[in-house]
Amino acid sequence: MPVYEYRCDACGCEIERLVLDKEVVPECPKCGATMRKKISLFAFKADRTSERERKIFKLASDYLKDGKVEDAARFMKKASEYVKTDNIKRASEALNKAVSKD
Ligand SMILES: [Zn+2]
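Residue 5 is where the sequence shown starts when you use the working numbering, and the numbers rise one by one after that.
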């Protein structure tokens, strides 16, 4: 259940979603058009901090696999305080956004 970024080709709007069901494609919140999957926040290119990030994402996805979305969100929030990379920050924000919507 990774976090994906979606883009609306009609109006250019972009959103982030925690994907619980791959088959469900979100509609654009602005114009209602079907959105296109852009990237997975769990699949960024490797860089120097990639190993730490990889471990963090692995742990977070283990929570998600067990359906513990709130635990994953809490974990990512904590992780983002220690590993201050954009990838971790964005994934943490997206997860916590997804949790707060529920
Ligand atoms: Zn749109």
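Backbone N, C-alpha and C define an ideal beta-carbon position, used for all residues, glycine too.
Hey, quick one: how far does the beta strand (DSSP E) through residue i stretch, first residue to last?
{"i": "Glu-55", "result": "Not the beta strand (DSSP E): Glu-55 falls in the alpha helix (DSSP H), residues 54-69."}
Excluding the five sequence neighbours on either side, which residues of its own chain have a C-beta within less than 6 Å of the C-beta of residue i, listed in chain order?
{"i": "Ala-14", "result": "Cys-35, Ala-37"}
Going by DSSP, what residues sit across from residue i in a beta bridge?
{"i": "Thr-38", "result": "Glu-31"}
{"i": "Ile-19", "result": "Tyr-10"}
Report all residues from its chain with a CB closer than 7 Å to the CB of residue i; omit the five preceding and five following residues, and keep chain order.
{"i": "Phe-79", "result": "Leu-63, Ala-64, Tyr-67"}
{"i": "Glu-97", "result": "none"}
{"i": "Thr-89", "result": "Thr-53, Glu-57"}
{"i": "Lys-81", "result": "Ser-96, Asn-100"}
Can you grab the Cα-Cα spacing for the pair residue i / residue j, in whole Å?
{"i": "Phe-48", "j": "Ala-83", "result": "Residue confidence is low: Phe-48 scores 46 on pLDDT, short of 50, so the model does not pin down where it sits. Its coordinate-derived value is still stated next. So the alpha carbons of these two residues sit roughly 17 Å apart."}
{"i": "Met-39", "j": "Val-7", "result": "15 Å"}
{"i": "Val-28", "j": "Cys-12", "result": "15 Å"}
{"i": "Gly-71", "j": "Val-23", "result": "12 Å"}
{"i": "Ala-76", "j": "Pro-33", "result": "25 Å"}
{"i": "Glu-3", "j": "Lys-93", "result": "Look at the range of the chain in this structure, 5 to 106, and you will see that residue 3 is not part of it."}
{"i": "Glu-85", "j": "Ser-104", "result": "19 Å"}
If I'm right that residue i touches residue j with Cβ under 8 Å, what's the distance once you round it to whole angstroms?
{"i": "Lys-42", "j": "Tyr-10", "result": "6 Å"}
{"i": "Ala-95", "j": "Val-73", "result": "Contact doesn't hold; Cβ gap of about 13 Å is too wide."}
{"i": "Asn-91", "j": "Glu-55", "result": "Their Cβ separation, rounded to whole angstroms, is 12 Å, which puts Asn-91 and Glu-55 out of contact at 8 Å."}
Where do the ends of the alpha helix (DSSP H) carrying residue i lie?
{"i": "Val-73", "result": "73-86"}
Ordered along the chain, which non-local residues of its own chain (more than five positions away) have a Cβ less than 8 Å from that of residue i?
{"i": "Glu-31", "result": "Ala-37, Thr-38, Met-39"}
{"i": "Val-87", "result": "Thr-53, Arg-56, Glu-57, Ile-60"}
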